[in-house]
Every structure is written in C-alpha cells, then in structure tokens.
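Per this note's numbering, residue 13 is the first one in the sequence shown, and the count goes up by one each step.
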Amino acid sequence: MSDRLRTATLAVTVLGLGVAVYLTYAHYAGIDPACGISHGCSKVQASDWATFAGIPVAVLGLIGYVSILAVLLLVPGDTGLLAAVGLAWVGFGFSMYLTYVEIAEIDAICQWCVASAVCMTLLAALTTTRFLRAPSQETTA
Numbered sequence: 013m014s015d016r017l018r019t020a021t022l023a024v025t026v027l028g029l030g031v032a033v034y035l036t037y038a039h040y041a042g043i044d045p046a047c048g049i050s051h052g053c054s055k056v057q058a059s060d061w062a063t064f065a066g067i068p069v070a071v072l073g074l075i076g077y078v079s080i081l082a083v084l085l086l087v088p089g090d091t092g093l094l095a096a097v098g099l100a101w102v103g104f105g106f107s108m109y110l111t112y113v114e115i116a117e118i119d120a121i122c123q124w125c126v127a128s129a130v131c132m133t134l135l136a137a138l139t140t141t142r143f144l145r146a147p148s149q150e151t152t153a
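Structure follows, in structure tokens:
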C-alpha cells in the first residue's frame with residue numbers, strides 16, 4: 013500500500029505542477045488559458061484576485077507544487093513527509109479560499125484553478141494518510 017500511496021502522491025504533485033506551469037505561462041505570455049465556452053478562466057485571470065501580495069497566484073501554485081515535490085524527493089523519512097503534509101494543507105486552505113473568491117467575488121469558475129484545487133485536496137489527503145499509516149517506514153518520495 014505504501015508504494016501505491018507514494019506513486020499516487022508523486023503523480024498528483026506532478027499533475028498539479030503541470031497545471032501551475034501552464035497557468036504561469038499563460039500569465040506571463042499574456043494569453044487567456046484555454047477554458048472552453050465558459051470564459052471563466054479569462055475572467056478570473058483578469059481579476060484583481062489574480063495576484064496575491066503582488067505575486068501572480070499561478071506562481072504561488074508553482075512554488076507550492078515545487079516545494080512539495082522537493083521535500084518528498086529530497087528530505088528523507090518522517091521529516092520530509094511531515095513537511096509535505098504541512099505544505100499540502102497550506103495549499104489546500106489557500107485553494108479553498110481562492111475557490112470561494114471565484115464563486116462569491118468574481119462570479120466565474122476557472123477549470124484550471126479547480127483542477128489545481130482538486131490536486132491540493134488530494135495531496136492533503138494522500139500526504140496525511142501516508143504520514144499516519146507508517147511514519148517510521150517512510151524514506152523519501
């Protein structure tokens with residue numbers, strides 16, 4: 013089970029990283045993210061909420077996913093896993109806040125943002141499960 017959880021954790025992290033890379037590229041290239049017919053991504057990306065403390069939210073996501081991947085791969089044992097748990101829960105909380113903002117303030121849904129929020133939700137669950145199941149048996153990744 014631990015190998016499957018590790019593989020799932022890494023896969024979800026890489027998937028979330030891919031979403032964050034795409035949104036960061038779209039931001040700096042000045043293009044609207046591919047969003048289908050809803051155009052919610054364009055509305056979200058053009059909103060005042062697209063930056064936080066002057067930093068594009070997509071870049072914050074990129075930093076978050078890279079940080080989680082780094083601690084999973086480079087910091088051994090329980091320390092790395094606990095750091096990943098903490099980072100994933102911070103990312104989850106921030107994602108839930110941003111999802112609320114999309115619905116309540118911007119009145120638009122960005123499918124890419126939702127995909128990232130789903131990835132962070134899964135990462136919070138997966139890293140926590142891994143930590144609680146076998147904290148003394150984990151090494152890296």
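Every residue, glycine too, gets a C-beta built ideally from N, C-alpha and C.
query	result
Among Thr133, Gly42 and Gly103, which has the Cα closest to the Cα of Gly76?	Gly103
Using C-beta distances below 6 Å, list every residue in its chain close to Val83, excluding the 5 sequence neighbours before and after it, in chain order.	Gly92, Ala95 and Ala96
Please determine, among Thr21, Glu114 and Gly89, the residue with the shortest C-alpha to C-alpha distance to Cys53.	Glu114
Assign Ile115 to one of three DSSP states: helix, strand, or coil.	helix
With burial defined as no fewer than 16 other Cβ atoms inside 10 Å of the residue's Cβ, what is the status of Gly73: buried or exposed?	buried
Between which two residues does the alpha helix (DSSP H) containing His39 stretch?	Ser14 to Ala41
What's the gap between the Cα of Thr139 and the Cα of Ala20?	10 Å
Classify Ile67 as helix, strand or coil using the three-state DSSP reduction.	strand
In whole angstroms, give me the CA-to-CA distance for Gly42 and Ile67.	15 Å
Answer yes or no: do Arg18 and Arg145 have a C-beta to C-beta separation smaller than 9 Å?	no
At the level of alpha carbons, what is the spacing between Gly89 and Leu110?	32 Å
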